[in-house]
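Novice: So the sequence shown is residues 188 to 513, counted in UniProt numbering.
Cβ atoms here follow ideal geometry from the backbone N, Cα and C, with glycine treated the same way.
Please read these numbers as outputs of a predicted model, since none were measured by experiment.
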Amino acid sequence: DWNSGNVIAEQVEKIRAQVGSGRVLSALSGGVDSAVSTALVHEAVGDQLVAVFVDHGLLRKGEREQVEQDYVASTGVRLVTVDAREQFLTALAGVSDPEQKRKIIGREFIRSFEKAQADLIAEAEAEGEPIRFLVQGTLYPDVVESGGGSGTANIKSHHNVGGLPEDLQFELVEPLRTLFKDEVRAIGRELGLPEVIVSRQPFPGPGLGIRIVGEVTADRLEILRDADAVAREELTKAGLDGDIWQCPVVLLADVRSVGVQGDGRTYGHPIVLRPVSSEDAMTADWTRLPYDVLSKISNRITNEVRDINRVVLDVTSKPPGTIEWE
Ligand code: XMP
């Protein structure tokens with residue numbers, strides 16, 4: 188009989204036995220797995236743990252605050268934020284190719300994490316207690332899939348788990364290794380984590396960087412962040428979060444079309460809504476959202492988000508279309 192309280196107690200014991208008085212490092216991504224695994228380790232070893240959060244500037248609206256404020260307030264975790272927004276924008280300048288973007292984002296992520304890590308290691312060593320452990324939010328399906336080498340396992344190993352370096356100087360702490368996603372969410376709730384984090388839908392490691400079709404710039408990110416926030420808000424308000432696996436909002440930054448807004452003609456960009464239903468992201472179908480919800484989202488985005496004069500709906504299943512546009 189599965190009970191989140193028992194699992195927590197059991198894992199806390201196991202983590203304490205593994206870690207002893209050693210110091211532990213963790214990377215928070217804003218996602219469920221890293222949030223829950225970090226909270227579990229914190230529950231077990233308190234201030235022996237330090238969490239690092241890299242703000243790469245490709246996050247959605249409010250996500251940094253959710254981690255820095257709500258998550259820290261509910262857990263008491265010691266958090267170091269790395270503001271790497273400029274670094275990522277500079278590295279991404281002039282790049283439109285999706286795989287190229289992924290490579291750059293992965294590389295810059297490791298660079299910024301390693302920089303923070305070096306500082307923390309130096310600090311810990313000065314205090315006579317080196318950092319020996321690294322938390323990973325590996326779930327049971329990840330364990331199984333990495334044996335099989337399936338598509339999602341590749342996605343995970345190449346881009347996910349915060350894209351952490353394979354660092355042999357650390358021993359891994361993986362408290363979610365036997366768990367499924369819904370169990371992880373239940374444990375997160377039991378630990379009192381913010382609901383926005385616990386119930387968050389899948390969001391790719393490269394973030395909004397692969398939801399701008401074209402070059403990633405600060406200006407385009409701001410536009411996309413605003414449009415995405417409107418869509419998420421209306422879907423939540425309509426009570427549809429449970430019906431949707433995820434809903435990428437995509438900016439077609441190199442496409443313009445003519446519109447008529449306010450006093451005259453405009454020449455703006457389209458925003459694509461990509462709501463999908465799925466069990467495991469390997470296949471998906473487009474979600475039949477109610478017309479009035481679509482209409483509300485479209486009206487609000489074209490009214491409230493500058494440079495957007497058209498909202499289009501992606502009605503492609505996967506296959507043949509992937510969930511993301513890049
Ligand atoms: P696709 O677009 O391949 O996406 O149908 C399947 C699932 O994987 C997510 N995705 C990624 N996740 N790094 C990630 O961590 C990536 O580069 C990446 N690309 C796609 C996508 O959001 C969906 O849930």
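1) Looking at the strands, I want to know which residues DSSP matches up with A214.
2) Return yes when at least one heavy atom of the ligand XMP lies under 7 angstroms from the C-beta of G392, else no.
3) Does the distance from the C-beta atom of A414 to that of S191 stay below 8 angstroms?
4) Quick check on G375: does DSSP put it in helix, strand or coil?
5) CB-CB under 6 angstroms to V282, same chain, minus the five flanking residues each way: which ones, in chain order?
6) When you compare the CB positions of A311 and R210, do they come within less than 8 angstroms of one another, or not?
7) Helix or strand or just coil, what does DSSP make of R443?
8) Spatial neighbours of H243 within its chain, please: CB distance less than 6 angstroms, with the 5 preceding and 5 following residues excluded, ordered by chain position.
9) According to DSSP, E358 sits in a beta bridge with which residue or residues?
10) With distances taken from CA atoms, which of V499, L378, E491, R319 is nearest V360?
11) Check D467 in the structure and name its three-state DSSP category.
12) Between T489, L266, I308, E273, which has its C-alpha nearest G458's C-alpha?
13) What three-state label does DSSP hand D472 in the structure shown?
14) Any idea what DSSP makes of R497, helix, strand or coil?
15) Could you tell me whether any non-hydrogen atom of the ligand XMP is closer than 7 angstroms to the CB of R398?
Specialist: According to the data block:
1) Answer is V239.
2) The nearest non-hydrogen atom of the ligand XMP is less than 7 angstroms from the C-beta of G392.
3) In this structure, S191 does not lie closer than 8 angstroms to A414 by Cβ.
4) When secondary structure is reduced to three states using DSSP, G375 falls in the helix class.
5) Answer for V282: K288, listed in chain order.
6) Yes, the Cβ-Cβ distance between A311 and R210 is below 8 angstroms.
7) Coil, per DSSP.
8) Cβ within range, chain order: A271, F275.
9) DSSP, once it has assigned bridges, lists F320 as partnering E358.
10) Comparing Cα-Cα distances from V360 to each of V499, L378, E491, R319, the minimum goes to R319.
11) Residue state, collapsed to three classes: coil.
12) For the sequence presented, residue 458 should be read as Ile rather than Gly. The shortest CA-to-CA distance from I458 to any of T489, L266, I308, E273 is the one to T489.
13) In the structure shown, D472 sits in a strand (DSSP, three-state: E or B).
14) R497 falls in the strand class under three-state DSSP.
15) Relative to the ligand XMP, the beta carbon of R398 is positioned no closer than 7 angstroms to any heavy atom.
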